[in-house]
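Here's the structure, in structure tokens; my notes come after.
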Amino acid sequence: MNINEFRERTEKAQELMQKRQIQTLILFPGTNMYYLTGFLEEPMERPLFAVFDVKRDPFFIAPDLYEEQIKESTWIRDIRTWQETENPYALFERDQEKGMIAIDDKMWSVFSENLRRILKDCELVGASSILRQLRMMKSDEEIHALKKAGEIADASLEAILDEIIQGRTELELAALLEYEMKKRGGSRPSFESIVGSGPNGAMPHKRATSKRLENEESVVFDFGCVYKGYCSDMTRTVFIGDPTEEMRKVYSVVVEAQEHAFREVKANSKAKDIDLAARSYIEAKGYGKHFIHRTGHGIGLDVHEEPYITKENDQVLQRGMTFSIEPGVYLPGKFGVRIEDIVAVTDSGAISLNKFTKELLVK
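Okay, so the sequence shown: first residue is 77 according to our numbering, each after it adds one.
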């Protein structure tokens, strides 16, 4: 992302803070901090905060060993460092007025409780109402990064198709996928890759095991990578040997259900309309009780974020929202089928950020 994009996001955050009478926003290492600053770091035991005020320029409070790393990553020039022998929370006391402070909802409790003690004259509230609203709508640059992450995932599954053979283990295939994604520029998997064969595929989030692929089984691949901070997430189901008539039927139902949902995506429709389109079709085909999860979830810097595509969600879809469409049918003890693509909302409909075939693949 270019510097101007981070500055624009910060200005929008400050506008929302003013509307909600929030004086200060304090972010913790993770995707919210990256969204406004450009600095991406995993949560850690050392206090590290990005502080945004409605009246003043933002600044970092950080361990001194992170100073150069932050300078290299962010547009924010005010970096206030502390050494191991110093109290980092004292830096707040010199800068914080009384008022309402929003703290990152993902902040570890040990830090939020320390902030409550130091900023005892302030009212501390969660920051989710600000960050969720900002992050739901993606810029063209963000959608480009999501599309590239999707292309890496597509190409990586294509690269291992010849390895999907009887006798391979689920763990071997998961490792091959993750290697291929890194080779193509993905910095890391966006979540632990799911490879579920036979009965394991009937458990939607079953982790890969040492189980070997067998003849006449379905294999569910659910995986993704991170590219420039942004996640991909796709699912395809491949068959080992000639699939049974029931497998073919279920596969056709899931693919068609996804297409029904895809056609409902457009600006000003509701999230629940997308879920209903897929769910109603699967129910009409007699598999309703075997569709046991929501139809989709938002995606961006986090692999799961707003908006969630559920039958209760009245969220109105807007241009720039991105989310998965992933209907599935799971027959316990037998097999599962899921197909998942990421879509971006436009004024006229949906654009799929995945291009991998949905034709029935038999290995």
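No residue lacks a Cβ here, since even glycine has one placed at the ideal position from N, Cα and C.
Query, Result
"Considering just the uninterrupted stretch of the beta strand (DSSP E) at residue 312, what are its terminal residues?", "310-316"
"Run through DSSP, which three-state label would residue 212 get?", "helix"
"Would residue 419 pass as a contact of residue 300 if the rule is Cβ separation under 8 angstroms?", "no"
"Please report the straight-line C-alpha distance between residue 241 and residue 288, rounded to a whole angstrom.", "9 angstroms"
"Between which two residues does the alpha helix (DSSP H) carrying residue 193 extend?", "185-194"
"Judging by CA-CA distance, which residue of 228, 272, 332, 330 is the nearest neighbour of residue 307?", "228"
"Please determine, among 150, 165, 130, 114, the residue with the shortest C-alpha to C-alpha distance to residue 139.", "165"
"Rounding to the nearest angstrom, what Cα-Cα distance links residue 226 and residue 175 in this structure?", "43 angstroms"
"Just how far apart, CA to CA, sit residue 109 and residue 236?", "35 angstroms"
"Name the one or two DSSP bridge partners that residue 81 has.", "Per DSSP, none; premise fails for residue 81."
"Looking at C-beta atoms only, is the number of pairs between the region 405-413 and the region 324-331 that lie closer than 8 angstroms three or more?", "yes"
"Does the count of Cβ pairs from the region 84-104 and the region 126-145 closer than 8 angstroms reach three?", "yes"
"By DSSP's criteria, residue 176 is part of a beta bridge. Which residues make up the other side?", "199"
"Between 368, 343, 355, which has its C-alpha nearest residue 421's C-alpha?", "343"
"Can you have a look at residue 152 and say buried or exposed, based on whether 16 or more other CB atoms are within 10 angstroms of its CB?", "buried"
"Where does residue 146 sit, in a helix, a strand or coil, going by DSSP?", "helix"
"Given a threshold of 16 other Cβ atoms within 10 Å of its Cβ, counted over all protein chains shown, does residue 142 qualify as buried or as exposed?", "buried"
"Terminal residues of the continuous beta strand (DSSP E) containing residue 406?", "404-407"
"Leaving out five residues before and five after residue 395 in sequence, what residues of the same chain have Cβ atoms less than 8 angstroms from its Cβ?", "213, 343, 421, 422, 423"
"Taking 8 angstroms as the threshold (beta carbon to beta carbon), is residue 385 in contact with chain C?", "Checking the listed chains, one finds no chain C in this structure; it contains a single protein chain."
"Identify the residues that DSSP records as bridge partners of residue 139: which are they?", "158"
"Measure the beta-carbon distance from residue 354 to residue 391 and round it to whole angstroms, keeping in mind my assumption that it falls under 8 angstroms.", "The pair is not a contact, with the Cβ atoms about 16 angstroms apart (cut-off 8 angstroms)."
"Three-state secondary structure (DSSP) at residue 275?", "helix"
"On the premise that residue 373 lies in contact with residue 399, defined as a C-beta separation below 8 angstroms, what is that separation, rounded to the nearest angstrom?", "6 angstroms"
"Excluding the 5 residues preceding and the 5 following residue 125 in the sequence, name in chain order all residues of the same chain whose CB lies nearer than 6 angstroms to its CB.", "102, 137"
"Would DSSP call residue 91 helix, strand or coil?", "helix"
"Check each candidate in 239, 276, 359, 207 and name the one with the smallest Cα separation from residue 407.", "276"
"Given this structure, state the Cα-to-Cα distance separating residue 384 from residue 161, to the nearest angstrom.", "44 angstroms"
"Can the beta-carbon of residue 247 be found less than 8 angstroms from the beta-carbon of residue 239?", "no"
"With a threshold of 16 other CB atoms inside 10 Å of the CB of residue 257, please say whether the residue is buried or exposed.", "buried"
"Do you know how far the Cα of residue 260 is from the Cα of residue 187?", "37 angstroms"
"Name the residue from 89, 154, 431 whose alpha carbon lies nearest to the alpha carbon of residue 309.", "431"
"Just to confirm before moving on: does the CB-CB distance between residue 405 and residue 315 stay below 8 angstroms?", "no"
"Does residue 166 come out as helix, strand or coil in the three-state DSSP assignment?", "helix"
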